Amino acid sequence: MELTSGNNYNQECFSMWLARGKTLIQCDFDSTIAVDDVSFQILDAFADGDWRRVWREYREGRISVGVFNSQVFAMVKADEPTLLRFILKENRAKIRPGFEELLAYCAQRGLKFVIVSNGLSFYIEAILKDMGVKDVEVFAAQTEFGPEGLKVRYIGPDGGELQDNFKKAYVEFFRGQGYRVIYIGDGLSDRIPASQADYIFARDDLLAYCRERNLNHTPFDDLSDVVRGLELLASK
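Throughout the sequence shown, residue numbering follows this note's numbering, covering 20 to 255 in sequence.
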C-alpha cells in the first residue's frame, strides 16, 4: 500500500494522535461511502431540466457546489417517499466494500467518525438506517420538499447558512475542537477541505489533486484499504 508523505507531515506525531484518541475521520458520502453518486441518480431520474449543463458550469469553476445543488435540485418535483422508494427499494445505493469494517475499526480505536457531504441528508440518513448503522453523525444539505422543487440549505457548525466551503468549515471546526482530522473523499468539492486536514485517503479527482499538490495521502479503492492504511500509520 502506498503511504505518501507530503507537506508538513510528521509520522511520529500522527501515531501519537491515534494512540491518544484525538483523531477524527471526516468522510464524504457520494462516490466515497456509496460507490456511485446517489444525488446524480436522483437527478437523472427526476430532474425536469438539463441538470448536466449546470454540472458542466460547476466542473469549469463558474459556480460553487452549493449553487449547483440549489439549481439542479429545484428541478426535482418528486416527494420524499417517492425518492426514498427509488433509492432503497430499487437498490440504487450500493455501498463501497469495507464501510462497516471501517466503522468497527474506528469504534475499536476510539476514533470519531463523521460524514460531511454536499449530498442531501434525507437520503444519506435513510441509507444508513436501512443498513442498520447507528450513532454516525451526518452533516449534509437540509432538504425541503415542495411543488416548486427541492430546496437545499447547508448549515455550518455555527448554525449559519453557507453557500460554499461547507466541508472546509467542518474541517476547521473539528480542528478547532482539538482533533487531528483524517479526510476521506474523491471529488472536486473535497480538494479544499482535504488540503486543510492532517492526512488524506483519496481516490479519483481528489487523488490527482493530492499528487499534484504533494499532499500527504494514501490512495484507496475500497474502504478496507483505508483500514489497512490507518493500521500502517498507527504502527510506524
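Think of the CB as a built atom: it goes at the ideal place given N, C-alpha and C, for glycine as much as any other residue.
As the structure is a computational prediction, the values presented were derived from the model and not from experiment.
I'd like to check one pair, Tyr198 with Thr51: are the Cβ atoms closer than 9 Å?
No, these two residues do not count as a Cβ contact at 9 Å.
Give the C-beta separation of Ile61 and Leu102 to the nearest angstrom, bearing in mind that I take them to be a contact with Cβ-Cβ under 8 Å.
The Cβ separation is near 6 Å, so the contact holds.
In the DSSP assignment, find the unbroken alpha helix (DSSP H) run with Leu121 in it and report its ends.
That run of the alpha helix (DSSP H) goes 118-128.
Pull the bridge partners of Thr237 from the DSSP assignment, please.
Phe220.
Report the rounded CA-to-CA distance for Asp209 versus Ala227, giving the unit in angstroms.
The straight-line gap from Cα to Cα measures roughly 12 Å.
Compare the Cα-Cα distances from Ala112 to each of Ile174, Ala253, Ser58 and report the closest residue.
Here the closest residue by C-alpha is Ser58.
Below 6 Å CB to CB, which residues in the same chain sit around Val135 once its five sequence neighbours on both sides are set aside?
Result list for Val135: Gln45, Phe158, Lys186, Tyr189, in chain order.
Let's see if you can read the secondary structure: which residues bound the alpha helix (DSSP H) around Thr101?
Start and end: 99-103.
Express the C-alpha separation of Ser254 and Asp49 in angstroms, rounding to a whole number.
Near 30 Å, if we compare the C-alpha coordinates of Ser254 and Asp49.
Quick check: Leu139 and Leu181, are their CB atoms within less than 9 Å of each other?
Contact flag unset, no.
Let me confirm a value: Gln90 is counted as buried when at least 16 other C-beta atoms fall within 10 Å, else exposed. Which label applies?
Buried is the call here.
Quick test of your reading: Asp224 and Leu207, contact by CB under 8 Å. State the CB separation rounded to the nearest angstrom.
Right, their Cβ atoms sit about 5 Å apart.
Is Asn88 buried or exposed, if buried means 16 or more other CB atoms sit within 10 Å of its CB?
So Asn88 counts as buried.
Could you compute how far the alpha carbon of Asn27 sits from the alpha carbon of Trp74?
Residue placement at Asn27 cannot be trusted, given a pLDDT of 44 that sits under 50; what the coordinates show is reported in the next sentence. Going from the Cα of Asn27 to the Cα of Trp74 covers about 34 Å.
For Asn110, count neighbouring C-beta atoms within 10 Å of its own C-beta (all shown protein chains included) and say buried if the count is 16 or more, exposed if not.
Asn110 should be labelled exposed.
Are the CB atoms of Asn137 and Val95 within a distance shorter than 9 Å?
No, the Cβ-Cβ distance between Val95 and Asn137 is not below 9 Å.
Would DSSP call Gly178 helix, strand or coil?
Three-state result, Gly178: coil.
Residues in the same chain with beta-carbon distance under 7 Å from Glu99, minus the five sequence neighbours each way, listed in chain order, please.
So the qualifying residues of the chain are Phe141, Phe164.
Sorted by chain position, which residues of the same chain lie with C-beta nearer than 7 Å to Cys125's C-beta, five sequence neighbours on each side aside?
Excluding sequence neighbours, Cys125 sits near Ile44, Phe132.
Just list the residues that DSSP pairs Cys46 with in beta bridges.
For Cys46, which the question treats as bridged, DSSP gives the partners Ile134, Ile203.
Quick check on Arg222: buried or exposed, where buried means 16 or more other Cβ atoms within 10 Å of its Cβ?
Per the 10 Å Cβ criterion, buried.
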